[in-house]
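Residue numbering for the sequence shown follows the UniProt record's numbering, starting at 1 and increasing by one per position. Using N, Cα and C, we set each Cβ at its ideal position, and we do this for glycine too. This one's a predicted model, so the numbers in the text were calculated from it and none came from an experiment.
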Amino acid sequence: MDLQHELNKASSFKNLELLAKQVVEGFIAGMHKSPFHGFSAEFAEHKIYNQGESTRHIDWKLFAKTDKLYTKRYDDETNLRCHIIVDNSSSMHYPEMDSFSIDNLNKIGFSALASAALMHMLKKQRDAVGLSIYSDNYDFYAPEKGSERHHQMLLNQLSNVAVSKSLHKTTETYKHLHLIAEKIHRRSMIFLFTDMFQTSEDDTKLFEALRHLKYNKHEVILFHVIDKDKELKFDFSNKPKRFIDLETGEHINLYADSIKDNYQKAVSNYFEALRLKCAQYKIKYVEADINNHFNDVLTTYMLERQKFA
């Protein structure tokens, strides 16, 4: 039975590229009701014409349809470098799941699919993307490239991470962020997917590492990946339960209602402190609730891309 569960998990996340495409297409369809109204779905193959540029590549057919000037993109045109960082510690594999779908994800599954959706958009824009994955080790690193082969390799890594088990893998995020920062030399947008659960509580070291990531004028966007119902609201039935720390294996038996109020206050205070600290260091903080869709992630990308110059 366990083998069948693993096969179900693997097969449901095998075609990550197709799932990512579905996420992006749903997002683009919804843009017409959003602040991006008028930003045509053709954005994937075009960029807005800026006064002073050569008119040689203007798409006049698109101008006839939209009354706006766009120029065509070409395969060798790379305007943006992006590096995606995924926390693969054990806490990111909560809640444990037998199978994945777009509407049924744990934190690592959400992070992998969100990363794949960003990669899909970056690929359409002819941009270069790199990937780092860490847990108790620096598990994977690939520099920023734009080739199809590179894209498929990254998708394969994300797919494997989502369906793998991660037992008692603690993490000290700051150590790996320093290592990653040393590898990214050219100015890039950096997306970090993490639940911000640290084995050792040392926020000073963590924010020093985030500041190191911002070195060389990189833009850093922190996607704080949470299961809001469980991890913030502590929405559990009031039956005796065993709560287990996925990273250390430590556990405690209790009734959820007996600590719910104090827990909510402590976690809310921690999240607010994170927001303030990110604002102080000019790091974009985005709450990424796995029970919501991916619009917050993709909208953030669109807005930050427009500002990135």
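Check	Outcome
Quick one: what's Val129 bridged to in DSSP?	Cys82, Lys145
Is it right to say Gln280 is buried, meaning 16 or more other beta carbons lie within 10 angstroms of its own, or is it exposed?	exposed
Would you report the Cα separation of Val23 and Asn15, rounded to the nearest angstrom?	13 Å
CB-CB under 6 Å to Gly130, same chain, minus the five flanking residues each way: which ones, in chain order?	His83, Ala142, Pro143, Glu144
Between the beta-carbon of Met189 and the beta-carbon of Glu219, is there less than 7 Å?	yes
Look up Glu287 in the DSSP assignment and say whether it is helix, strand or coil.	strand
When the Cα atoms are used, what is the spatial distance from Thr194 to His176?	12 Å
Quick check on Phe191: does DSSP put it in helix, strand or coil?	strand
By how many angstroms is the C-alpha of Lys68 removed from the C-alpha of Lys47?	11 Å
Any idea what DSSP makes of Asn104, helix, strand or coil?	strand
How is Phe294 classed by DSSP in three states: helix, strand or coil?	coil
Could you give the first and the last residue of the continuous alpha helix (DSSP H) run that contains Thr170?	Per DSSP, Thr170 belongs to no alpha helix (DSSP H) and is neither H nor E.
With burial defined as no fewer than 16 other Cβ atoms inside 10 Å of the residue's Cβ, what is the status of Ile180: buried or exposed?	buried
Out of Ala266, Gly52, Phe63, Ala117, point me to the one whose CA is closest to Tyr301's CA.	Ala117
His151: which of Val297, Asn216, Ser115 sits nearest, CA to CA?	Ser115
Under a three-way DSSP split, which group does Thr71 fall into?	strand
Give the range of the alpha helix (DSSP H) segment to which Ile28 is assigned.	16-30
One question on the structure: do Ala162 and Ala112 come within less than 7 Å of each other, judged by their Cβ atoms?	yes
Hey, out of Asn104, Phe100, Phe294, whose CA is closest to Phe223's CA?	Phe294
Closest by CA to Ile28, which one among Thr299, Lys307, Glu304?	Thr299
Rounded to the nearest angstrom, what separates Ser34 and Asp296 at their Cα positions?	In this prediction, Ser34 has a pLDDT of 48, which is less than 50 and means its spatial position is unreliable; what the coordinates show is noted afterwards. Spanning the two alpha carbons is a distance of roughly 12 Å.
Find out if the Cβ-Cβ distance for the pair Asp88, Ser132 is shorter than 7 Å.	According to the sequence provided, residue 88 is Asn. The question's Asp does not apply to it. Going by C-beta atoms, Asn88 is not nearer than 7 Å to Ser132.
Nearest chain C C-beta to Asn216 closer than 7 Å, yes or no?	Looking for chain C here will not work: only one protein chain is present.
Using the rule of at least 16 other Cβ atoms within 10 Å of the residue's Cβ for burial, across every protein chain shown, is Asn106 buried or exposed?	buried
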